[in-house]
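Protein chains in written order, with the working numbering: chain A, 0 to 290; chain B, 0 to 290.
Protein chains: 2
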Amino acid sequence: MKLYGSIEAGGTKFVCAVGNDKLEIIDIIQFPTTKPKETLEMTVNYFERFKDNLQSVSVASFGPIDMVRGSKTYGYITSTPKLFWDNTNIIGFLKDRIPVIYYFTTDVNASAFGEMVVRKDVDSLVYYTIGTGIGGGVIQSGHEIGGVGHGELGHIYVAKHPADYDFDGVCPFHGACLEGLAAGPSLEARTGIKGELIPENHPVWDIQAFYIAQAVMQATLSFRPQIIVLGGGVMKQSHMLKRVKSEFIKLLNGYVSIPPIDDYIVLPAVDNNGSATVGNFWLAKRKLTTD
Amino acid sequence: MKLYGSIEAGGTKFVCAVGNDKLEIIDIIQFPTTKPKETLEMTVNYFERFKDNLQSVSVASFGPIDMVRGSKTYGYITSTPKLFWDNTNIIGFLKDRIPVIYYFTTDVNASAFGEMVVRKDVDSLVYYTIGTGIGGGVIQSGHEIGGVGHGELGHIYVAKHPADYDFDGVCPFHGACLEGLAAGPSLEARTGIKGELIPENHPVWDIQAFYIAQAVMQATLSFRPQIIVLGGGVMKQSHMLKRVKSEFIKLLNGYVSIPPIDDYIVLPAVDNNGSATVGNFWLAKRKLTTD
Numbered sequence: 000m001k002l003y004g005s006i007e008a009g010g011t012k013f014v015c016a017v018g019n020d021k022l023e024i025i026d027i028i029q030f031p032t033t034k035p036k037e038t039l040e041m042t043v044n045y046f047e048r049f050k051d052n053l054q055s056v057s058v059a060s061f062g063p064i065d066m067v068r069g070s071k072t073y074g075y076i077t078s079t080p081k082l083f084w085d086n087t088n089i090i091g092f093l094k095d096r097i098p099v100i101y102y103f104t105t106d107v108n109a110s111a112f113g114e115m116v117v118r119k120d121v122d123s124l125v126y127y128t129i130g131t132g133i134g135g136g137v138i139q140s141g142h143e144i145g146g147v148g149h150g151e152l153g154h155i156y157v158a159k160h161p162a163d164y165d166f167d168g169v170c171p172f173h174g175a176c177l178e179g180l181a182a183g184p185s186l187e188a189r190t191g192i193k194g195e196l197i198p199e200n201h202p203v204w205d206i207q208a209f210y211i212a213q214a215v216m217q218a219t220l221s222f223r224p225q226i227i228v229l230g231g232g233v234m235k236q237s238h239m240l241k242r243v244k245s246e247f248i249k250l251l252n253g254y255v256s257i258p259p260i261d262d263y264i265v266l267p268a269v270d271n272n273g274s275a276t277v278g279n280f281w282l283a284k285r286k287l288t289t290d
Numbered sequence: 000m001k002l003y004g005s006i007e008a009g010g011t012k013f014v015c016a017v018g019n020d021k022l023e024i025i026d027i028i029q030f031p032t033t034k035p036k037e038t039l040e041m042t043v044n045y046f047e048r049f050k051d052n053l054q055s056v057s058v059a060s061f062g063p064i065d066m067v068r069g070s071k072t073y074g075y076i077t078s079t080p081k082l083f084w085d086n087t088n089i090i091g092f093l094k095d096r097i098p099v100i101y102y103f104t105t106d107v108n109a110s111a112f113g114e115m116v117v118r119k120d121v122d123s124l125v126y127y128t129i130g131t132g133i134g135g136g137v138i139q140s141g142h143e144i145g146g147v148g149h150g151e152l153g154h155i156y157v158a159k160h161p162a163d164y165d166f167d168g169v170c171p172f173h174g175a176c177l178e179g180l181a182a183g184p185s186l187e188a189r190t191g192i193k194g195e196l197i198p199e200n201h202p203v204w205d206i207q208a209f210y211i212a213q214a215v216m217q218a219t220l221s222f223r224p225q226i227i228v229l230g231g232g233v234m235k236q237s238h239m240l241k242r243v244k245s246e247f248i249k250l251l252n253g254y255v256s257i258p259p260i261d262d263y264i265v266l267p268a269v270d271n272n273g274s275a276t277v278g279n280f281w282l283a284k285r286k287l288t289t290d
C-alpha cells in the first residue's frame, strides 16, 4: 500500500500522520514542540515505522520559512522569534534520515490545499486562521501565491472601528495590524475577559467581525478567489460567521461581483483543524508526479 | 517585418501603437474615448494600415473587465459606471474586423508587464498607479494574479492617519478606502488646493505618503514581490518617493525581509506612462507562441 506523510510543524505541537491513496488518515500522532533536534528526532522515529510504504512527505511549518525552490536555505525555518528554532534546516534533517520526496509549505497553505481538495471545482481559494494569531494561505490555479516568499496576511493594516480608536492593538511588531486588533489575545486585552468566556451580546464581537470582514475584503480585492474559508479558534464562536458576512457586505458595497455570500465565506469543511493533514497528503502525492 | 499591436483602452483616451520584434514603438496615435462603436471603429481604422504585418494585439483596458478564459463574456468591459461602455464586447468587435490573435488584460496589468520586461531577472512585481484613481497590477512567475477576475487593489481599507480621522474620503463606493484617501482628488478635497499646486511642505503630503506606504505594505505581505513600482501623477511629485519609503520602513518594522529599499520601491523605468505600451507589445508577442 502506498502511504503519504503529513507533518504539521506548529510552534506548540507537531502533528505527524500517514495517509493512503484516498487521503484517509491511517495513523496519527502528536507531541509538543521542544528543541529542533529532539522534536525532529521524534518525527523521524514516527515515520520509520512506515518507511517501506512511504512515498513522499509534505511538511507544513510555522514560519517564516524559505519555500523558494533553488534558494540556498530552501527547507529552513528562517528568522523565527521562537527560541531554538531560528535557522533550522527542517527538510535537510528529515531527508537525511527518511530519504523520500518532500514538499515544504506553510501551515496555512497546507490548510488551504486541504480545503481545496475536499471541495469540487475549486482551484482558487483563501484560507484564514483566526486564533492566537492570524495567518492566511492563498491558492490560485491550484498553486500557492508568493514571489520571494510566503505571504503574511495577518499583519496587514486595517481601518479602525470607530468604537476602537483608543485600543493600540497587541501585535509586538505592528501594534494595530489585523492580528493586533482581531486575533484572540486582542479580545482579552480589550475586555479583561478570556475570549471564550465573553458573552455573545458583548459589543467587542462586532468590532472583531468588522476587522475580520476587512481581511475578507482584502483577500477578495487582492486575489479574487472562488471561496474564502475562515478557520481557527475565534471562528468557533457560533455567531461570528454571520457577523463577518454582514460586515463584509457593507464594506464591499457591491464593488466587485462575488458568489452568493453563503457559498463565498465559509467555515472549514474538514473538522477538528484537520485541513492541513488532508492538504499535506494531497501535496505529498502531487509532488511524486510533478517532481 | 513582424508587428505587434498595443491598445490602451482608457476611460478618457485610447492609445494605439504598433511595435516591432524588439518591442520598439514604430507608430503611435491617441484619440478621446467617446462611444464604444465610434472609438472602436477608430481603433480598427488605425490598425488596418498595418494589417499585412500585424501578428497579434494586446488590449489593456479600463475595467472592470472579464479576462477569465472560457467565460461567456471573456473580452468584455463588464459593469463599468462609464456611460455607454457597460457590457461592451471589445475583443469580439476587434477580432471580427482585424482577425489576429488577441490578449486581454487590465491597464495596470499591462503596465506591470512593461515594467517587468525592461528589468532584468524580475518575474514577480506589483505596479500601482496613483493618480485620479488608484489601481494595481500584480505579476507572479511571469503571469497575472487573479482567480475569478482581476484585483482591485485601490479599494482596500487602510488605517487612518491620526491627523486624518475627520476626513471621510472621496471614494463613491467606500468613502475612506485607499483610493478615497490617497488618490489625487483626496488632496483637493482636504486642502481646497489642486494637488499639483500644493506646496511641498504642506502636511497633507505626509498623510498621503502614509497611505501609499500601506499599499506597499499590503502588496509586500500579500504577494511578496521582488519589486514594487509606483506610477501615476501623484508620484510625479519629486518628494513623494522618499516619503513613502520612510513611512513604509516604519510600518513594516522589519517583519519580513525585503531587498534594499531603493531597489524595492521604485518609480517606473519606462518614461511618459509608456509601461503599458511596452507591456502590450510583449504580451501580444508572447501570446503568439503560447496560444
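All residues carry an ideal CB built from backbone N, CA and C; glycine is no exception.
Going by beta carbons, residue 97(B) and residue 89(B) fall outside the 8 Å limit. Per DSSP, residue 59(B) is one residue of the beta strand (DSSP E) stretching across 53 to 60. Taking all protein chains in view, the Cβ of residue 258(B) is surrounded by fewer than 16 other Cβ atoms within 10 Å, so the residue is classified as exposed. Taken atom to atom, the span from the alpha-carbon of residue 282(B) to that of residue 65(B) is near 17 Å. Contact annotation: the region 3 to 18 of chain B does not touch the region 118 to 136 of chain A, with fewer than three C-beta pairs closer than 8 Å. In this structure, the straight-line span from the alpha carbon of residue 286(B) to that of residue 277(B) is close to 14 Å.
Residue 220(B) reaches chain A at 150, 151, 152, 154, 155, counting residues in chain order whose Cβ is nearer than 8 Å. Here the region 131 to 140 of chain B lies against the region 97 to 111 of chain B, with 3 or more beta-carbon pairs under 8 Å apart.
Here the region 149 to 168 of chain B does not lie against the region 224 to 237 of chain A, with fewer than 3 beta-carbon pairs under 8 Å apart.
Per DSSP, residue 107(A) lies in no beta strand (DSSP E); the unbroken alpha helix (DSSP H) holding it starts and ends at 106 to 116.
Any Cβ of chain B closer than 8 Å to the Cβ of residue 144(A) would place that residue at the interface, and such an atom is present. One finds 144, 145, 146, 147, 148, 149, 150, 151 in chain B with Cβ atoms closer than 9 Å to the Cβ of residue 223(A), taken in chain order. In its chain, beyond the 5 residues on either side, 167, 168 have a beta carbon closer than 8 Å to the beta carbon of residue 174(B). Note that the C-beta distance between residue 221(B) and residue 152(A) is below 8 Å. When DSSP states are grouped into helix, strand and coil, residue 184(A) belongs to the helix group. Per DSSP, residue 35(B) lies in no beta strand (DSSP E) segment; the continuous alpha helix (DSSP H) that holds it begins and ends at 35 to 47. For residue 12(B), the enclosing beta strand (DSSP E) stretches over residues 12 to 18. By the CB criterion at 8 Å, residue 83(A) and residue 21(A) fall outside the cutoff. Under the Cβ criterion of 8 Å, residue 216(A) is counted among the residues facing chain B. Annotation: the continuous alpha helix (DSSP H) that includes residue 213(B) extends over 203 to 222.
Proximity of the region 260 to 279 of chain A to the region 208 to 227 of chain A meets the contact definition, three or more beta-carbon pairs being nearer than 8 Å. According to the DSSP assignment, residue 245(A) belongs to the alpha helix (DSSP H) that extends over 239 to 251. Restricting attention to 165(B), 111(B), 155(B), 149(B), the CA atom closest to the CA of residue 141(B) is found in 111(B).
DSSP places residue 256(B) outside both helix and strand once states are collapsed to three, so it counts as coil. For the region 55 to 76 of chain B, the set of residues with a beta-carbon nearer than 8 Å to any beta-carbon of chain A comprises 63, in chain order. In the three-state scheme derived from DSSP, where H, G and I count as helix and E and B as strand, residue 173(A) is classed as coil. Boundaries of the beta strand (DSSP E) around residue 5(A): 2 to 8.
In the DSSP assignment, residue 139(B) forms a beta bridge with 142(B). The C-alpha of residue 190(A) lies about 27 Å from the C-alpha of residue 228(A). Beta-bridge analysis with DSSP links residue 26(B) to 17(B). For a Cβ distance threshold of 9 Å, residue set 156, 157, 158, 159, 175, 176 of chain A lies close to residue 158(B), ordered along the chain.
In terms of CA proximity to residue 121(A), 147(B) leads the group 101(B), 147(B), 271(B), 39(B). Between residue 116(B) and residue 54(B) the beta-carbon gap is near 17 Å, outside 8 Å, which marks them as no contact. Each of 155(B), 25(B), 30(B), 157(B) was checked against the Cα of residue 7(B), and the nearest Cα belongs to 30(B).
Across the region 245 to 273 of chain B, CB contacts with chain A closer than 9 Å involve 250, 251, 252, 253, 254, 255, 256, 257, 258, in sequence order along the chain. Taking a Cβ-Cβ cut-off of 8 Å, the neighbours of residue 123(A) in chain B comprise 146, 147, given in sequence order.
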